[in-house]
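Residue numbers (UniProt numbering): 1 to 397. All C-beta atoms, glycine included, are put in the ideal place defined by N, C-alpha and C. Remember, predicted model here, so these are calculated numbers, not experimental data. Just below is one structure, and these are the notes that go with it.
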């Protein structure tokens, strides 16, 4: 039977944008939609150009840079841009006299008038900072990342000094590594005074957190290193943190036992397979913890026992990366296999029992929610593989 539709009917732009945003993880699908109907092009272009963090030197990145330089309208759509390289250094991206590719990067950043988040993560020391700083000064960023083993000590010192000049008055989020970087008096009380979120190594936490109102903290020490002793000024500043993300939990044992995070409501543990033996003791020292997220390659977690360790805990997320985290640290969709556990059922969500027949259909879902069955507390096993689920309830979002 043929179905006829009115070619002039259309959805409101606001609703259409939300629909396209749901499939924004697939750039190929979005590009296909833009070709199907010219009316879709403006909305699709906004989504496609809003977030660009592909590999440095990749073909798509080069095309993106040239497009942004030549089209100011598309450049105005960019909100998040990354200069990222985790691979072997490419000859064409080496720092040498007259290299046009780094000039393209500088010109494209300068053209992104509405850019709010800039990410620089390099594993190889081939970043010509002298070419990029002038374009940085023309931005008004809210979030900035300066991370990676390839960033030299001198360039990191230059960035710290640049941040101290208060070019970005609205900067609220910063990720930076100061491991082995002598910053001296470059960081004072006025340095990034409006900072609300910080991610970095132990040296960055010690230098930056005191004197600022940091509410969200990502603390990533080296695996073989302890965080060391905590001085009084840092201890007072840590008490105002309400969201904490850490990796290698064994380095943080005494920090938790000293009760330095009384107001943390959200805790995320990276590479949490190393943390299970410490979980029982540490969670008892987080009196305000409401939500726990664990990124783990381990298939089993004692969910019922974890809930019993912390009386304030209401929700647990167990996330397993769909591919190694190192391949793209900034793609939030990389954590595409996840399970949510609740202490009690949220009243706003409908529930139905998960039968084996629907498990196969659930594999395409990014996340599913589960409620621990009080009738089977001993037999319930946590498993972050959806296709091996045996007990639980699925939340319909």
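DSSP places residue 279 in the helix class (H, G or I) of the three-state scheme.
In terms of Cα proximity to residue 102, the closest of 148, 317, 130 is 130. Per DSSP, the unbroken beta strand (DSSP E) holding residue 146 starts and ends at 143 to 147.
By the 16-neighbour rule on beta-carbons within 10 angstroms, residue 185 is exposed. Counting along the chain, the unbroken beta strand (DSSP E) around residue 219 starts and ends at 216 to 219. Residues 65, 68, 69 of the same chain have their beta carbon placed closer than 6 angstroms to that of residue 108, with the five preceding and five following residues left out of the count.
Looking at 228, 262, 152, the one whose alpha-carbon comes closest to that of residue 240 is 262. Cα atoms of residue 141 and residue 169: separation of roughly 8 angstroms, rounded to the nearest angstrom. A distance of 7 angstroms or more separates the beta carbons of residue 121 and residue 159.
Note that the C-beta distance between residue 260 and residue 237 is not below 7 angstroms. Residue 71 and residue 282 have their C-alpha atoms some 53 angstroms from each other. Excluding residues up to 5 positions away in sequence, 309, 310 lie with their Cβ nearer than 8 angstroms to the Cβ of residue 284 in the same chain. 214 is the residue among 273, 230, 214 whose C-alpha sits nearest the C-alpha of residue 244. Taking the C-beta atoms as reference points, residue 113 is found nearer than 7 angstroms to residue 76. Cβ neighbours of residue 205 within its own chain (closer than 6 angstroms, five residues either side excluded): 219.
In this structure, DSSP gives residue 309 a helical state, which the three-state scheme calls helix.
From the listed residues 188, 295, 47, 230, the smallest Cα separation to residue 272 is found for 295.
For residue 110, the closest C-alpha among the options 212, 137, 119 is that of 137.
If you ignore the 5 residues before and after residue 189, its C-beta comes within less than 7 angstroms of the C-beta of 211, all in its own chain and listed in chain order. Counting along the chain, no beta strand (DSSP E) covers residue 169, and no H or E run does either.
Going by C-alpha positions, residue 174 is about 14 angstroms away from residue 167. Under the three-state reduction of DSSP output, residue 286 falls in the coil class, being neither helix nor strand. One Cα belongs to residue 152, the other to residue 269, and the distance between them is close to 28 angstroms. Rounded to whole angstroms, the Cβ separation of residue 195 and residue 172 is 6 angstroms, and the two are in contact under 8 angstroms. Per DSSP, the beta-bridge partners of residue 199 are 175, 218. As DSSP reads the structure, residue 51 sits in a beta bridge with 80.
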